[in-house]
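A.B. asks: One structure is given below, represented as structure tokens, and several questions about it will come after.
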Amino acid sequence: MKILKSEMDKLFILGPCSAESLEQLLDTATAISAVCRNHDISQEHVIFRAGLWKPRTSPQSFEGVGSKGLSWLDEVRRSTGMRVATEVATAQHLRLCAEHRLDAVWIGARTTTNPFMVEELATKLAELATNDGWKPIVILKNPVSADINLWTGAVERLRRHGISNIILLHRGFSAIGQDELRNPPLWSNVLRMRRLMPEMKMLCDVSHIAGKRPPIPHIANQAMQLALDGLMIEVHHHPEQALSDADQQLSPAQLDTLLSQLIVPEQGHADRQLTEYRQTLDDIDSEIWQLIARRQQVARDIGDYKREHHLPVFQPDRLEQILQERLLWAKQHNLSEDTVRTIIEAIHNDSVRTQIE
Ligand code: PEP
Ligand code: MN
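Residue numbers (the working numbering): 34 to 390.
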């Protein structure tokens, strides 16, 4: 069963992590083109990706073929009709991409992290738009750390230079310690970013989130459930031989399977049942706020009492006791320990705040 619909308004950025040879690009691009046709994904919904300048952690790793790959991308566009994109990190990269009129460029996670580099790119993009009339789509990945303000800051820098055709690309955030995924998605940050910049399109780079093949379909479906506007997926004609990110690239056949299993929920569909559920949630939330307000009043009274009796506001033993007891309740109700801890700490911090004010 085909779940993707031809009228679907999702954007797919597909292609290898790195350009390795003209033959690799053409083979991969031809296969991707066929898979997209098979799923009725029209050409205006696809951009072919291949990294030319690779920001590698170690200089021993394959660092990309550099500018000679630009003419290979020309060839991909000529022979398949797909739009083409690569990663840019310096003004010089942009100058070279402008000569080949690339359709899109993406700013990688390591670059978004650095405001000086974003400023350099924004300045050069503005100059190339004015002097050469080159206005590529600018795909802006999130910074490596979960610092949303760096991401919105990068958007503002681009906009300040008159660059407006920007698409956000969520690629997960560096894992702290051991995590099953290479860059955990921390979806709550994505929702925050959506609230901060609701007008922006946001795609999901499932490959760099996953770091390996098996979790990719699940992450792609999660991104669709959160109504993201499309996916970046690394695809290589022989993934196991890839010179970079071999573990996470899909073969064209695996891309085909992923698209068959992708469920794209329809937007704006709220039936009577859903409306009822939401009403119940609204009622529960209203009770929660009333209870919190009552709790606050008691905390304020305790504050007055402590002041009269010269007792300190913050008593670490008391917080520890509250936490342990509430976490036990959480367990009994099958609630997530992390969530309950966050809520209790927020409520307790707020009590302390009212008592010292
Ligand atoms: C890439 O897309 O190939 C890449 C280097 O990704 P990121 O900037 O997300 O690490
Ligand atoms: Mn990669």
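Cβ coordinates follow ideal geometry from the N, Cα and C atoms, glycine included.
Let me see if you follow: with CB-CB separation under 8 Å, is R227 close to chain D or not?
C.D. replies: Checking the listed chains, one finds no chain D in this structure; it contains a single protein chain.
A.B. asks: Would you say C237 touches the ligand MN, meaning its beta carbon is less than 7 Å from a heavy atom?
C.D. replies: Checking every heavy atom of the ligand MN against the Cβ of C237, none is found closer than 7 Å.
A.B. asks: Is DSSP giving A83 helix, strand or coil here?
C.D. replies: Three-state DSSP puts A83 in coil, outside helix and strand.
A.B. asks: What whole-angstrom Cβ distance do E395 and K87 have, given they're in contact under 8 Å?
C.D. replies: The structure shown does not extend to residue 395, since the chain spans only 34 to 390, so no value can be given for it.
A.B. asks: Between the alpha carbons of A260 and P298, how many angstroms are there, rounded?
C.D. replies: Those two C-alpha atoms are separated by around 8 Å.
A.B. asks: Does the beta-carbon distance from W167 to M226 come in below 8 Å?
C.D. replies: Cβ distance not < 8 Å, so W167 and M226 don't count as in contact.
A.B. asks: Can you tell me whether C50 sits near the ligand PEP, meaning its C-beta is under 7 Å from at least one heavy atom of the ligand?
C.D. replies: C50 Cβ: within cutoff of the ligand PEP.
A.B. asks: Buried or exposed, going by whether 16 or more other CB atoms sit within 10 Å of the CB of P349?
C.D. replies: By the 10 Å Cβ count, P349 comes out exposed.
A.B. asks: Would you kindly check if the distance between the Cβ of A179 and the Cβ of N222 is under 8 Å?
C.D. replies: Cβ atoms of N222 and A179: closer than 8 Å.
A.B. asks: Tell me whether E267 counts as near the ligand MN, meaning its Cβ is closer than 7 Å to at least one heavy atom of that ligand.
C.D. replies: Indeed, a heavy atom of the ligand MN lies less than 7 Å from the Cβ.
A.B. asks: Taking the C-alpha atoms as reference points, what is the distance between I74 and T313?
C.D. replies: The alpha-carbon atoms of I74 and T313 are separated by roughly 39 Å.
A.B. asks: In chain order, what residues of the same chain have a beta carbon less than 8 Å from the beta carbon of L344, not counting five sequence neighbours either side?
C.D. replies: The residues are Y338.
A.B. asks: At what residue ranges does the region 175-261 contain a whole run of the alpha helix (DSSP H), taking only runs of 4 or more?
C.D. replies: As far as the region 175-261 is concerned, its whole alpha helix (DSSP H) runs of at least 4 residues are 181-193, 220-229, 239-243, 249-258.
A.B. asks: Going residue by residue through the region 275-341, where are the continuous alpha helix (DSSP H) segments of at least 4 residues, counting only ones entirely within it?
C.D. replies: You should have 285-294, 305-341.
A.B. asks: May I ask you to report which of helix, strand or coil DSSP gives M150?
C.D. replies: Correct three-state label for M150: helix.
A.B. asks: So, under 8 Å CB-CB, L173 and A187 are touching, yes? Tell me the CB distance rounded to an integer number of Å.
C.D. replies: At roughly 6 Å, the Cβ-Cβ gap stays under 8 Å, so L173 and A187 are in contact.
A.B. asks: For R204, I'd like the list of residues in its chain whose CB is within less than 7 Å of its CB, leaving aside the five on either flank, ordered along the chain.
C.D. replies: Result list for R204: A142, K174, N175, N216, D238, H241, I242, in chain order.
A.B. asks: How close, in whole Å, do the beta carbons of L191 and A155 come, if the pair is a contact with beta carbons under 8 Å?
C.D. replies: Confirmed, Cβ separation roughly 5 Å.
A.B. asks: Within 8 Å, do at least three Cβ pairs link the region 320-331 to the region 96-106?
C.D. replies: Result no; under three Cβ-Cβ pairs closer than 8 Å.
A.B. asks: Considering only the beta carbon of each residue, do D262 and M230 sit closer than 8 Å?
C.D. replies: No.
A.B. asks: Less than 8 Å between the beta carbons of L292 and V68, yes or no?
C.D. replies: Against a cut-off of 8 Å, the Cβ pair of V68 and L292 comes out as a contact.
A.B. asks: How many angstroms separate the CA atom of D304 from the CA atom of N71?
C.D. replies: Distance between the alpha carbons of D304 and N71: 32 Å.
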